[in-house]
Amino acid sequence: AQDSAALRDRIISAVSGLLGLLGIAADPLQSPEHILLSNILDHAWRNARDIDLPQLIAEVQKPPFNKIGVFDLDSFYPAKYRMRLAMTLNNLLASPGFSAWLEGEPLDIQRLLYTPEGKPRVSVLYIAHLSDAERMFFVTILLNEMLAWMRAQSGTGSLRALLYMDEIFGYFPPSANPPSKLPMLTLLKQARAFGLGVALSTQNPVDLDYKGLSNCGTWFIGRLQTERDKMRVIEGLEGAAATAGGGFNRAQAEQIISGLGNRVFLMRNVHDADSVIFQTRWAMSYMRGPLTLPQIRNLTERSPVAPEPAAQAPAAPARAPAASAAPAPVPAPPASAARPALPPDIAECFLRAEPAQVAIRYRPCVIAALKLHFVDATSRLDAWIHRSLLAPLSDDGRSVLWEEAEEHGDLRPKMDTAPAPGAAFSELPAGAANPKNAAEWRKGASARAHQGITLEILNCAELKMASVPGESEGDFRVRMTQALRERRDVEAGKLKAKYEPKLRTLEDQLRRAEDRVEREKSQSGQQKLSAFISLGATVLGAVLGRGRGVGVGTVGRAATAVKSAGRIGKERADVQRASENKEVVQQRLADMNAQFEKEMADLRTDINPDHADLVRTVVRPRKSDITPTLIGICWIPWRAAADGSEEKVFLG
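Here you go:
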């Protein structure tokens, strides 16, 4: 059910983005254009079939279904209107400006976040030079791809990646429903559970959706100009606090936000009891503004897209194929328009050809579709995998050259039971039509699979992790990095729990020591003042009472002044001792913080994916579990090349 909902949301967003690029304001529930395109994509994707724009145009004219809902297709959306929509799509495809969308690096989120070697990287996607419709289209596609990538990850409490979007205005409005709104809202609700952070910035909080704001966990709020912006932020903070189950003081928040000055910000985390007010430093910025097209071109020329490295093969490389199965153009053999006849005991299939404007010619080979069982206890591997072998026939057709077979993935979904209309056929060797020879094909295919098809599995003993079949080393290192990050976060949490009470105790001791220093300084000052007053009174009394002689009172006051002067020294000593005690506590706190930081740094160094040892294990399929699911004659489509030779054109 969850996958169906995700598929539905992705279809709605993709179709809305495409129609928005065409300038068609389409409602997913009311627009026939939107409903038709959604049904076409749904039909293709549920059948595990990719569909590009030319195929979409063709299927708009002739959809692969006869009904939409309870109405037949022509009643719901007549052919002339479908042709009009197809023409609009074709105009988009033929537009010179649209050709840029068909070039460049694929929008692969894994590739944007990590290098082919598995190292994390920062990717900047710049869209300021696009039109409004193109921006909306691109943002919608990007968010949908991000959602698809996110749902392919496992849940985690550690940050895996961060999506940052500068100026969200227009893509997440409170009332309208642009194509980008639904995937963005889904990300705000679900991304944190998969370790994906979402950071959004805007100068117009009043123009953002309230539901989205209430799903934000951490807020950085600067100076707001209008009361509407302040009220929208307050509502969002209140909603976020309610979602997190925390308390919120609205009056206090209003007072703080209204009093923010330049370069002063309020940081509010819904999981913390109190907010934090901080000030940013002065920074110089030339404010160059948006990049121009020549500047973008200069940047791309200085940092060209790295070529895609050869992916780690899921099995051992195939041996050099024979001429009949080679990918390079070869001279065309004699052909006939007639399809060679085969006895019913020999299976026959046709590999689906790529769309082409020229006629195709089928060449024969032997196909072995195999179900293989790979087991390795060290790698914790127990997997059933489908592989296909395409092997050339000998000249007489009695034997199969399995040592020259090409290895492919599961080709069964790419097969047809009938040839393409108007196709020609190469000659089939006579021995290939003998059912007795076909019995030997099964034995040869099993032997070739056991000896030639292998899986290379990467093992990390430290993490007790192993790669899965078909996973590249870079992708495996990404998984290792995430596992190490999760381990680091757990260990860091333990380290914080260990040091937090000690640091809190020392901080309390430091506060008490500081209070004592201030108290002793105050007492010392009061004692000095009292002594000076007493001494002054004694001197003054002696001077004014000179004519009557020095009395007993004067002598008593002098003795008191002397005692006060003596206590001044004691108070100074108390201040000195309090200051020394404060310095000792400060040093202990600094040492404790330094020890904590050192252990945290050691933790980050120890848990490093680059230091992990990888062991490569080659696994062969179990001989007793090799199960041929299809053995027979396979016809491979070829077409004429520009140099007069032929090249293979099947969807392999």
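Positions 1 to 652 (the working numbering) are the ones given, in order, by the sequence shown.
C-beta atoms are modelled at their ideal positions from N, C-alpha and C, and glycine is treated no differently.
C-alpha distance - residue i paired with residue j, whole-angstrom precision
i, j, result
"residue 347", "residue 423", "20 Å"
"residue 176", "residue 16", "13 Å"
"residue 401", "residue 640", "25 Å"
"residue 118", "residue 614", "14 Å"
"residue 703", "residue 300", "Missing from the structure shown is residue 703; the chain here goes from 1 to 652 and no further."
"residue 102", "residue 343", "46 Å"
"residue 513", "residue 252", "32 Å"
"residue 457", "residue 371", "19 Å"
"residue 236", "residue 210", "6 Å"
"residue 670", "residue 488", "The chain is shown from 1 up to 652; residue 670 falls before or after that span and cannot be answered."
"residue 20", "residue 183", "16 Å"
"residue 493", "residue 121", "26 Å"
"residue 128", "residue 18", "19 Å"
"residue 453", "residue 383", "14 Å"
"residue 439", "residue 620", "24 Å"
"residue 286", "residue 161", "30 Å"
"residue 231", "residue 254", "8 Å"
"residue 73", "residue 49", "22 Å"
"residue 340", "residue 397", "13 Å"
"residue 326", "residue 426", "Low local confidence applies: a pLDDT of 39 at residue 326 is under 50, so the model's placement there is unreliable, and no value is given."
"residue 28", "residue 593", "58 Å"
Start and end residues, beta strand (DSSP E) containing residue i
i, result
"residue 78", "Counting along the chain, residue 78 falls outside any beta strand (DSSP E), and DSSP gives it neither H nor E."
"residue 459", "455-460"
"residue 658", "Because the chain in this structure spans residues 1 to 652, residue 658 falls outside the shown range and cannot be described."
"residue 632", "627-640"
"residue 382", "381-391"
"residue 653", "Because residue 653 is not part of the residues shown, which for the chain are 1 to 652, the question remains open."
"residue 165", "161-166"
"residue 219", "218-221"
"residue 426", "424-426"
"residue 408", "406-408"
"residue 618", "615-619"
Beta-carbon proximity check, residue i vs residue j, cutoff 9 Å
i, j, result
"residue 510", "residue 582", "yes"
"residue 169", "residue 196", "no"
"residue 133", "residue 23", "yes"
"residue 58", "residue 86", "yes"
"residue 68", "residue 51", "no"
"residue 474", "residue 115", "yes"
"residue 180", "residue 146", "no"
"residue 46", "residue 144", "no"
"residue 459", "residue 622", "no"
"residue 226", "residue 267", "no"
"residue 361", "residue 167", "no"
"residue 466", "residue 394", "no"
"residue 82", "residue 42", "no"
"residue 6", "residue 111", "no"
"residue 216", "residue 188", "yes"
"residue 141", "residue 44", "no"
"residue 437", "residue 399", "yes"
"residue 636", "residue 432", "no"
"residue 377", "residue 626", "no"
"residue 418", "residue 366", "no"
"residue 506", "residue 618", "no"
Contact set for residue i: own chain, Cβ-Cβ below 7 Å, skip 5 residues either direction
i, result
"residue 233", "205, 221, 224 and 257"
"residue 98", "92"
"residue 33", "19, 24, 26 and 85"
"residue 250", "234 and 238"
"residue 200", "165 and 168"
Other residues of its chain near residue i: CB distance less than 6 Å, five sequence neighbours each side excluded
i, result
"residue 369", "388, 412, 629 and 630"
"residue 314", "Legend: pLDDT at residue 314 = 34, less than 50; position of this residue unreliable, value from coordinates given subsequently. Within the same chain, residue 314 has close Cβ partners 469 and 470."
"residue 309", "A caution first: residue 309 carries a pLDDT of 44, below 50, which makes its placement in the model too unreliable to give a value."
"residue 93", "53"
"residue 462", "612"
"residue 596", "499"
"residue 76", "68"
"residue 570", "none"
Endpoints, the alpha helix (DSSP H) within which residue i is located
i, result
"residue 441", "435-452"
"residue 143", "132-151"
"residue 200", "Segment 196-201 is the beta strand (DSSP E) holding residue 200; no alpha helix (DSSP H) there."
"residue 57", "53-61"
"residue 227", "227-244"
Residue i beta carbon near the ligand SAM (any heavy atom closer than 8 Å)
i, result
"residue 17", "Ligands in the displayed structure: none, and consequently the ligand SAM is not present."
Close-in-space but distant-in-sequence residues of the same chain around residue i (CB under 8 Å, 5 per side omitted)
i, result
"residue 202", "167, 168, 169 and 208"
"residue 408", "387, 388, 389, 390 and 652"
The region 260-267 touching the region 284-303, judged by at least three CB pairs closer than 8 Å: Between the region 260-267 and the region 284-303 there are fewer than three C-beta pairs closer than 8 Å, too few to call the two in contact.
Counting beta carbon pairs with one atom in the region 148-165 and one in the region 514-523, are three or more of them shorter than 8 Å? As far as the Cβ criterion goes, the region 514-523 does not touch the region 148-165, which means the pair count is below three.
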